[in-house]
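Taking our numbering, the leading residue of the sequence shown gets 436, the next gets one more, and so forth. For every residue, glycine included, the Cβ atom is placed at its ideal position computed from N, Cα and C. This structure is a prediction, so every number in the text was calculated from the model and none was measured. Have a look at the structure below before the remarks.
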Amino acid sequence: MSETTGRRQIGAKKFVLLHHGGCYRESFHYRIHPDAEVERLVSDELSTQHPNSIGIQLVGDFDQEPVPTAQLQALKELLLDLKLRYPAIQIGAHRQVRGDRKTTCP
436 MSETTGRRQI
446 GAKKFVLLHH
456 GGCYRESFHY
466 RIHPDAEVER
476 LVSDELSTQH
486 PNSIGIQLVG
496 DFDQEPVPTA
506 QLQALKELLL
516 DLKLRYPAIQ
526 IGAHRQVRGD
536 RKTTCP
């Protein structure tokens, strides 16, 4: 796990946003690989792309192939853990906060 410094702290978490792709910049809090490896990239308390949210990236191109079972199981376990730590948090897809901008995120 790596931690990024120099980011601003943010308030209460309201959302978990799911993304997919092969982007490797630290713009997400967590990255889940096809083999179910979960990387923590940024502390939950720090801001990334969307303030008041926790970003989870699933590595892969799901327009071309299905999400591997192991990756889905790792996502489920991470989401359950986040719901325990942040009971009021809502889970959604990145496309839900991007308005009319096209995205293939889940």
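Locate the beta strand (DSSP E) running through residue i, then write down its first and last residues.
i           : result
residue 474 : 473 to 475
residue 492 : 488 to 494
Output the boundary residues of the alpha helix (DSSP H) element that contains residue i.
i           : result
residue 505 : 504 to 520
How many Å lie between residue i and residue j at the Cα?
i           : j           : result
residue 471 : residue 507 : 8 Å
residue 492 : residue 479 : 14 Å
Grouping DSSP H, G and I as helix and E and B as strand, with all else coil, what is residue i?
i           : result
residue 527 : strand
Here's a check: name, in chain order, each residue in its chain whose Cβ is nearer than 8 Å to the Cβ of residue i, leaving out the five neighbours to either side.
i           : result
residue 505 : 469, 470, 471
Does the CB of residue i have a neighbour CB from chain D at under 8 Å?
i           : result
residue 466 : You won't find chain D in this structure, because it holds only one protein chain.
Using 7 Å as the cut-off, classify the Cβ of residue i as near or not near the heavy atoms of the ligand HEM, replying yes or no.
i           : result
residue 502 : Although the ligand HEM was asked about, the structure shown includes no ligands whatsoever.
Taking buried to mean at least 16 other C-beta atoms within 10 Å of its own C-beta, is residue i buried or exposed?
i           : result
residue 467 : buried
Under 6 Å Cβ to Cβ from residue i, same chain only, skipping five residues before and after it: list those, please.
i           : result
residue 510 : 467
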